[in-house]
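Okay, structure first, notes after.
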Amino acid sequence: MKNLLLFTAVLLFAFTTAQSQEFRLGAKIGLNVASLGGDSGYYGGGISGVSSFGSRRSFHIGGLAEIPLMGKFALQPEILYSSEGSDWSFGTGDTALKLDYIRVPVLAKYYILEGLSAEAGPVFGVLVSVNEDKYVKKDNYKSFDAAFGIGASYRLNMGVFFSLRYNKGLLNVNEEYIDDGVTYSNKNQSNVFQVSAGYTF
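Numbered by mature numbering (1 follows the signal peptide of the UniProt record, and there is no 0), the letters in the sequence shown go through residues -20 to -1, 1 to 181 in order.
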């Protein structure tokens, strides 16, 4: 009986503490500065040389929820459309490798002071689009990706917020494949720096 009373008291305390913060829904949009880390590309067979990857500027957009936990902690799941990839230089030619994902970050937040929070957690992704051409095929890239995100947000009293985040790719985005007798087995990760603005209510 005493254990049951103690358990009930702990639950009531946790619930009361959680209610001191607000459950919020919101939307966000922002700039991506994306690049592929890891190997550069080597090409043989009908073409030869080494490609290099640079930063690609694009966007992300989506929605989020903020779920209060105990004390200054909260959980922030999101669902975003995130356009990533890299600028791609090969010889004298430049193009953009576009890898577009549906991303699901699940971030733990800690409020350092009112309005200002630090956030970190896993960022899952499903590949939905690739700008295919003669040398780039969607089948050459893995359908699932995972990264680790870390950043900070500041929310104004009116509900507008601004955030900075860096997503470090944890998995290789490439699939090994053979084309014209040449094996392509590069190991690249999708890394993205994000600047966002949004609104929660």
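Glycine included, C-beta positions come from ideal geometry on N, C-alpha and C.
Residue j beta carbon less than 8 Å from that of residue i
i, j, result
"PHE3", "GLU58", "no"
"LEU49", "THR180", "no"
"GLY42", "GLN169", "no"
Selected residue, minimal CA-CA separation from residue i, among the options
i, options, result
"GLY34", "MET50, GLY42 and SER15", "SER15"
"ASN111", "LYS8, SER63 and THR163", "SER63"
"LYS148", "LEU93, GLU156, GLY95 and GLN174", "GLN174"
"SER109", "GLY139, GLY65, PHE128 and GLU94", "GLY65"
"GLY129", "ARG37, ASN137, LYS8 and LEU144", "LEU144"
"ALA127", "ARG83, ALA7 and THR163", "ARG83"
Local conformation of residue i per DSSP, three classes
i, result
"LYS117", "coil"
"LEU42", "It should be pointed out that residue 42 corresponds to Gly in this sequence rather than to Leu. Of the three classes helix, strand and coil, the one that applies to GLY42 here is strand, per DSSP."
"VAL172", "strand"
"VAL108", "strand"
"GLU58", "strand"
Beta-carbon contacts of residue i that lie in its chain and below 7 Å, excluding the five residues immediately before and after
i, result
"ILE91", "This sequence places Tyr at residue 91; Ile is not what is there. Cβ neighbours of TYR91 beyond the five flanking positions: LYS52 and SER97."
Residue i versus residue j - alpha carbon distance
i, j, result
"LYS117", "LYS78", "11 Å"
"SER176", "LYS114", "34 Å"
"ASN152", "ASN120", "11 Å"
"ALA76", "LEU44", "29 Å"
"PRO85", "PHE104", "6 Å"
"PHE39", "LEU93", "29 Å"
"LEU107", "SER133", "26 Å"
Contacting residues, own chain, Cβ-Cβ under 6 Å from residue i (five flanking each side not counted)
i, result
"LEU87", "GLN56, GLU99 and GLY101"
"THR156", "For the record, residue 156 in the displayed sequence is Glu; it is not Thr. Here the set comprises SER165."
"LYS89", "ALA54, GLN56, SER97 and GLU99"
"ARG135", "GLY95 and PHE141"
Residues of its chain near residue i, where Cβ-Cβ distance is below 8 Å and the 5 sequence neighbours each way are ignored
i, result
"LYS167", "GLY18, ASP19, ASN152 and ASN154"
"TYR146", "GLY129, ILE130, GLY131, ASN171, VAL172, PHE173 and GLN174"
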